Amino acid sequence: MKTGLHLSAKLAAAFVLSITSAISQAAEAVWQSKVLDEHTVILSVGDATLSQFEPSLMLAASKIDTQTLSAIIDPASSPWYKISPEQNGRCLSLSDAAHSKQTLSHLCIESLKSGRWKLSLSEGGIQQIYGLGQQHNTQGNADGDWVGRKRIPGNRMGNAMVYQGEGAVGNTQIPIMYLLGEGKQNLALFFDHVQPLVFDFTKAPYSIQGKGKRARIILIAGENLADLRSRYLALTGKPPVPPKAMFGLWLSEYGFDNWQELDSKLASLHKAQFPLSGVVLDLQWFGGIKQNSKHTQMGSLTWDEKNFPNHQQKIAELKQRGIGVMAIEEPYIGGELNEYYSLAHAGALARSCAPPCMEPAYIKDNPWWGKGGMLDFSSEKGAAFWHDYRREALIDDGVIAHWTDLGEPELYHRKAWYAGVNIDGELKHDHQSVHNLYNLLWSRSIYQGYQRNQRQQRPFIMSRSGTAGSQAYGVAMWSGDIGVNLANLRSHFNAQMHMSLSGIDYFGSDIGGFHGTPWDEQYTQWFAAALFTDLPVRPHTQNLCNCKETAPDRIGDTVSNLFNVKQRYALNPYYYTLAHRAWGEGKAVVAPLVYAYQEDPQARTNGSMKLIGDALLVALEAKDKAKQSSVYLPKGQWFDYRNKLMLNSNGEQLKQPLYIDEIYRLPLFVKAGHIVPRQVEDEATLDLLVVLDDSGQAKGQLIEDDGVTIAYQQQAIQETQFSAELTDSLRVRIHPAKGQYQDAPSVKSYQLELANLVKTKTIKAAYFNDQAIELGKQTASGFLLPAQQVDVRQGGEWLLEFNE
1295 MKTGLHLSAK
1305 LAAAFVLSIT
1315 SAISQAAEAV
1325 WQSKVLDEHT
1335 VILSVGDATL
1345 SQFEPSLMLA
1355 ASKIDTQTLS
1365 AIIDPASSPW
1375 YKISPEQNGR
1385 CLSLSDAAHS
1395 KQTLSHLCIE
1405 SLKSGRWKLS
1415 LSEGGIQQIY
1425 GLGQQHNTQG
1435 NADGDWVGRK
1445 RIPGNRMGNA
1455 MVYQGEGAVG
1465 NTQIPIMYLL
1475 GEGKQNLALF
1485 FDHVQPLVFD
1495 FTKAPYSIQG
1505 KGKRARIILI
1515 AGENLADLRS
1525 RYLALTGKPP
1535 VPPKAMFGLW
1545 LSEYGFDNWQ
1555 ELDSKLASLH
1565 KAQFPLSGVV
1575 LDLQWFGGIK
1585 QNSKHTQMGS
1595 LTWDEKNFPN
1605 HQQKIAELKQ
1615 RGIGVMAIEE
1625 PYIGGELNEY
1635 YSLAHAGALA
1645 RSCAPPCMEP
1655 AYIKDNPWWG
1665 KGGMLDFSSE
1675 KGAAFWHDYR
1685 REALIDDGVI
1695 AHWTDLGEPE
1705 LYHRKAWYAG
1715 VNIDGELKHD
1725 HQSVHNLYNL
1735 LWSRSIYQGY
1745 QRNQRQQRPF
1755 IMSRSGTAGS
1765 QAYGVAMWSG
1775 DIGVNLANLR
1785 SHFNAQMHMS
1795 LSGIDYFGSD
1805 IGGFHGTPWD
1815 EQYTQWFAAA
1825 LFTDLPVRPH
1835 TQNLCNCKET
1845 APDRIGDTVS
1855 NLFNVKQRYA
1865 LNPYYYTLAH
1875 RAWGEGKAVV
1885 APLVYAYQED
1895 PQARTNGSMK
1905 LIGDALLVAL
1915 EAKDKAKQSS
1925 VYLPKGQWFD
1935 YRNKLMLNSN
1945 GEQLKQPLYI
1955 DEIYRLPLFV
1965 KAGHIVPRQV
1975 EDEATLDLLV
1985 VLDDSGQAKG
1995 QLIEDDGVTI
2005 AYQQQAIQET
2015 QFSAELTDSL
2025 RVRIHPAKGQ
2035 YQDAPSVKSY
2045 QLELANLVKT
2055 KTIKAAYFND
2065 QAIELGKQTA
2075 SGFLLPAQQV
2085 DVRQGGEWLL
2095 EFNE
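This is how it looks when you write it as structure tokens:
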């Protein structure tokens, strides 16, 4: 008994000593800072001996050099922010100086021990929190920010696929967090940490935990949420413009067994008059996957000539038909492939031990693909070797896009040794340090391979994982092996809300669902929603049984599917212009409602309403037997794209039918004051949809390039502005085009659709470039003037005169 008491006393003393030590370390922890500009400040707290800030790979696009930090003793401020030390330096008060005198939040160091840190974030004036990458909610709810939820890693290493509702979805850490207060009050915090972070917003004060000797944060201040996002992208990289082919429909499944199976589905799509821009080849293209065997073709990246013979000729033939090819690749290499030994010799595989050891780390867990090694993309030399050894030949073959699958990575050797990544000034070789950067490193190796080999073709990468900065390498992401049920689709809408604000403009899904069996109504709804939000538009399902359908002419309401896909192709000139604005200005392509309406409380948590650029607003739906949808229209004037009526909203919820003339069509609206360029179905004519605002004015823009090469990055683009003004007459002007790209047409055909002329006005005469033209015809949406030939360098102008 005495021994037990003595032991208890020792444990109690040790506990007290531990608590005292933790408090002492927290007290000794010093907040340090470095002002980058009047909008951006580096903050660091933890080990006071660490005064250098070396940006991680996530910040490669920022060109920030190593920065020397200094202790925060006095308040620091600019017109945009104010930072003040409090509680003996343990805390910082964070204020949005541009919009409020009130502190938005307090950020405090709570503990620092054993290479871990914990911060608290006071609730303060915070009303909503956004960003932080991809973590699907489990409620099947499209709405909601992060307040009241936990943002946790997918597994102990970080990024992972996690089970949800019959399938699996991605958990992808992108550590940018937006804090919104009342009205326009806002700040953003970027955590420059590649290892897993845990955010708990379920109770105040909120907590943030991570590994390392200190917390590394970049505070961003700005005018509004859109401004904060743009400044974040200036640090981590803006997304390159995807190839024009990526804006259309791509046929995909797991998987096409041979060219014959693919051809049969292409033929039926063509017969049903579906436009198509590309096909996606899953791992069957290299064939020979053998479970639980090192004699597997996984990772060969060479064509299965039995099932996919004459691949160069076939790809060229598809190209002639306007159909591109995307090919999958995986990070795993079968243990008996010649590639395995070549890669091991080149130091391009993760190793089982540190150099001079060259033995690959052997992966045999969950061997659905076989057994073997894993590529080490942290080795720039090894990654370059692999690109030139195998991927370069695919580009020569005519492949225009790369599908990097399983890049969390899904499987890995826990004790593998990697060439390494720099974390806080120290080269780290362990898997934990590489894990969340793995897919970014993979994407970077493809992007750099194109540059190194002086490819003019744009790199495009479809990835299942990534992190901050992935977008700068031409990456689009999708949400993983999602289950077919509509609750999953609703949670995908919510994930898209946060991914958009995390800088991922191109985020889609396996349309129709990967695991499970799609059904007609579910597919029709999913396909219609994806046609507004996804790039590429890619139905995809697990079809090894050859018993399911994924092509939109074979499942769902095909009439609705065809109508909706043609509507997307018609809007693609507008989408493509948005892609250029994303590259040039950091503007979002598809964004949640709060992105442009953060002062509207009704917009704050709405995840089903999506803004397409500045002009379009769509209401997504995902509900069994849905016949109508609840739509929130922010205050202003809106043109109903479906029923061709103008709506004047004070910020109202509306019930809208989902079927118009028995066709499933999502509610779509054009904001007054915009001109939307559209492609007429014959592709020879552009249509300008003009929606005048209260002052009788409207503006629009069209940006074009060659659609294939990187020449646009050297300003090989053509930009055309449109404007309209209504006074006693109506003038609609196509301004002279600026810029030039190779083979750009010198003459274009334009027609004019006037959405909201005052009904009391009747047109007396119409002119184009001072020449009288036909009056055109009344349409359901207003008035349509016939196409005119326009010299793009001169521009042109319509003039409409009205009867008194």
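For the sequence shown, the positions run 1295 to 2098 when the numbering used here is used. Even glycine gets a Cβ: it sits at the ideal position worked out from N, Cα and C. On a predicted model such as this, the values are computed, not experimentally measured, just so you know.
* To do: Taking 8 Å as the threshold, find out whether the region 1779 to 1794 comes into contact with the region 1894 to 1903 through three or more Cβ pairs.
  => yes
**Prompt:** Could you give the distance in angstroms between the alpha-carbon of A1307 and the alpha-carbon of D1341?
**Reply:** Residue 1307 sits at position 13 when you count from the first residue of the sequence shown. Residue 1341 sits at position 47 when you count from the first residue of the sequence shown. With a pLDDT of 42 at A1307, under the threshold of 50, the modelled position of this residue cannot be trusted; read the value that follows with caution. Distance between the alpha carbons of A1307 and D1341 is about 26 Å.
Quiz item: Would you report the Cα separation of I1694 and A1687, rounded to the nearest angstrom?
Solution: If you number the sequence shown from 1, residue 1694 lands on position 400. If you number the sequence shown from 1, residue 1687 lands on position 393. Distance between the alpha carbons of I1694 and A1687 is about 12 Å.
**Message:** Are the CB atoms of N1716 and T1262 within a distance shorter than 8 Å?
**Reply:** Beyond the ends of the chain as shown, which are 1295 and 2098, falls residue 1262; an answer cannot be given.
message: On the DSSP letters alone, give me the boundaries of the beta strand (DSSP E) that I1689 sits inside.
response: On the sequence shown, residue 1689 is found 395 positions in, with the first residue counted as 1. Careful: I1689 lies outside any beta strand (DSSP E), inside the alpha helix (DSSP H) at E1686 to D1691.
- Where V1778 falls: helix, strand or coil (DSSP): Walking along the sequence shown from the start, residue 1778 turns up at place 484. Coil.
Using CA coordinates, which residue listed in A1978, V1984 and G1907 is at the minimum distance from M1940? Within the sequence shown, residue 1940 is the residue found at index 646, counting from 1. Here the closest residue by C-alpha is V1984.
Host beta strand (DSSP E) of W1440 (start-end): Numbered from its first residue, the sequence shown carries residue 1440 at position 146. No beta strand (DSSP E) contains W1440, which DSSP labels as neither H nor E.
_Taking the alpha-carbon of T1818 as reference, which of R1738, P1833 and T1466 has the nearest alpha-carbon?_
The sequence position of residue 1818 within the sequence shown is 524, counting from 1. Among R1738, P1833 and T1466, the Cα nearest to that of T1818 is on P1833.
C-beta contact flag for F1963 and G1994 at 8 Å: Walking along the sequence shown from the start, residue 1963 turns up at place 669. Walking along the sequence shown from the start, residue 1994 turns up at place 700. No, they are not a contact pair.
From this set, W1932, A1876 and L1838, which residue's C-alpha is nearest R1525's C-alpha?
Translated into positions along the sequence shown, residue 1525 becomes position 231. That would be A1876, whose Cα lies nearest to the Cα of R1525.
query: Three-state secondary structure (DSSP) at I1281?
result: The first residue shown for the chain is 1295 and the last is 2098, placing residue 1281 beyond what the model contains.
- State the beta-bridge partners of G1464 as determined by DSSP. Taking the first residue of the sequence shown as 1, we reach residue 1464 at position 170. M1455.
Once the 5 residues before and after D1670 are set aside, which same chain residues still bring their CB inside 7 Å of it?
To locate residue 1670, count along the sequence shown from 1; it is residue 376. These residues qualify, in order along the chain: A1642, L1643, A1644, G1676, Y1712 and A1713.
Note to self: Would G1667 and Y1683 qualify as a contact pair, given that the criterion is a beta-carbon distance under 8 Å?
What the structure shows: Mapped onto the sequence shown, residue 1667 falls at position 373. Mapped onto the sequence shown, residue 1683 falls at position 389. It is not a contact, given that the beta carbons lie outside the stated cut-off.
Nearest to L1780 (by Cα), restricted to the options S1673, K1919, E1720 and G1743
Walking along the sequence shown from the start, residue 1780 turns up at place 486. Looking at the Cα atoms, K1919 is the closest of the given residues.
Worksheet item: So G1880 and A1528 are in contact, right, with Cβ under 8 Å, and what is the actual spacing, rounded?
Response: Your numbering for residue 1880 matches position 586 in the sequence shown. Your numbering for residue 1528 matches position 234 in the sequence shown. Right, the Cβ-Cβ distance comes to about 6 Å (below 8 Å), so this counts as a contact.
| field | Where the beta strand (DSSP E) through T1397 begins and ends | value | For the purposes of this step, residue 1397 is identified with residue 103 of the sequence shown, where counting begins at 1. Looking at the DSSP string, the run of the beta strand (DSSP E) that includes T1397 is T1397 to K1407.
(Q) Classify I1367: buried if its beta carbon has 16 or more other beta carbons within 10 angstroms, exposed otherwise. (A) Here residue 1367 corresponds to residue number 73 of the sequence shown, with the count starting at 1. Classification for I1367: exposed.
Tell me K1965's beta-bridge partners as DSSP assigns them. Taking the sequence shown and counting its residues from 1, one reaches residue 1965 at position 671. K1965 pairs with W1932.
Query - Uninterrupted beta strand (DSSP E) stretches inside the region 1342 to 1394 (no shorter than 3 residues) - result: 1376 to 1380 and 1385 to 1389
Just list the residues that DSSP pairs L1927 with in beta bridges. Looking up residue 1927 in the sequence shown gives position 633. Bridge partners of L1927: E1946.
message = Between the alpha carbons of I1755 and Q1991, how many angstroms are there, rounded?
response = In the sequence shown, the residue the question calls residue 1755 occupies position 461. In the sequence shown, the residue the question calls residue 1991 occupies position 697. Distance between the alpha carbons of I1755 and Q1991 is about 40 Å.
Q: Give me the Cα-Cα distance between E1404 and F1801, rounded to the nearest whole angstrom.
A: On the sequence shown, position 110 is the one that residue 1404 refers to. On the sequence shown, position 507 is the one that residue 1801 refers to. Looking at the two C-alpha atoms, the distance is approximately 36 Å.
- Item | For S1737, the three-state DSSP class (helix, strand or coil) | Working through the sequence shown from its first residue, we reach residue 1737 at position 443. S1737 falls in the helix class under three-state DSSP.
Between which two residues does the alpha helix (DSSP H) holding H1696 run? For the purposes of this step, residue 1696 is identified with residue 402 of the sequence shown, where counting begins at 1. Per DSSP, H1696 belongs to no alpha helix (DSSP H); it is in the beta strand (DSSP E), A1695 to T1698.
Which one of M1455, H1589, Q1489 and I1512 has the shortest CA to CA distance from Y1472? Your numbering for residue 1472 matches position 178 in the sequence shown. Ranking M1455, H1589, Q1489 and I1512 by Cα distance to Y1472 puts I1512 first.
task: Return the chain-ordered list of same chain residues with a C-beta closer than 7 Å to the C-beta of L1351, the five sequence neighbours on each side being excluded.
output: As a working note, residue 1351 is residue 57 in the sequence shown. Correct list, in chain order: V1715, L1731, L1734 and G1763.
I'd like the list of long-range same chain contacts for N1586, defined as Cβ closer than 6 Å, with 5 residues on each side in sequence excluded.
Looking up residue 1586 in the sequence shown gives position 292. Once the five neighbours on either side are set aside, the close Cβ partners of N1586 are P1661.
Please state if the CB of G1797 and the CB of I1468 are separated by a distance shorter than 8 Å.
Here residue 1468 refers to the residue found at position 174 when the sequence shown is read from its first residue. Here residue 1797 refers to the residue found at position 503 when the sequence shown is read from its first residue. Taking 8 Å as the Cβ cut-off, I1468 and G1797 qualify as a contacting pair.
(message) Please classify T1402 as buried or exposed, where buried requires at least 16 other C-beta atoms within 10 Å of its C-beta.
(response) As a first step, residue 1402 is located in the sequence shown; it is residue number 108 there, counting from the start. According to the sequence as given, residue 1402 is Cys; it is not Thr. So C1402 counts as buried.
Going by other Cβ atoms of all chains shown within 10 Å of its Cβ, with 16 needed for buried, is E2047 buried or exposed? Here residue 2047 corresponds to residue number 753 of the sequence shown, with the count starting at 1. Answer is buried; the Cβ neighbour count reaches 16.
Beta-carbon proximity list for A1640, same chain, < 6 Å, skipping 5 on both sides:
Within the sequence shown, the letter at position 346 stands for residue 1640. These residues qualify, in order along the chain: G1676 and F1679.
Environment of N1382 [buried if 16+ CB atoms lie within 10 Å] = By 1-based counting over the sequence shown, the position of residue 1382 is 88. Result: exposed.
**Q.** N-terminal and C-terminal residue of the beta strand (DSSP E) that E1674 is part of
**A.** Against the sequence shown, residue 1674 aligns to sequence position 380. From DSSP, E1674 is part of no beta strand (DSSP E) but of the alpha helix (DSSP H) over E1674 to W1680.
Tell me whether G1549 is buried or exposed, calling it buried when 16 or more other Cβ atoms sit within 10 Å of its Cβ. One-based indexing of the sequence shown puts residue 1549 at position 255. The residue in question, G1549, is buried, as its Cβ has 16 or more Cβ neighbours within 10 Å.
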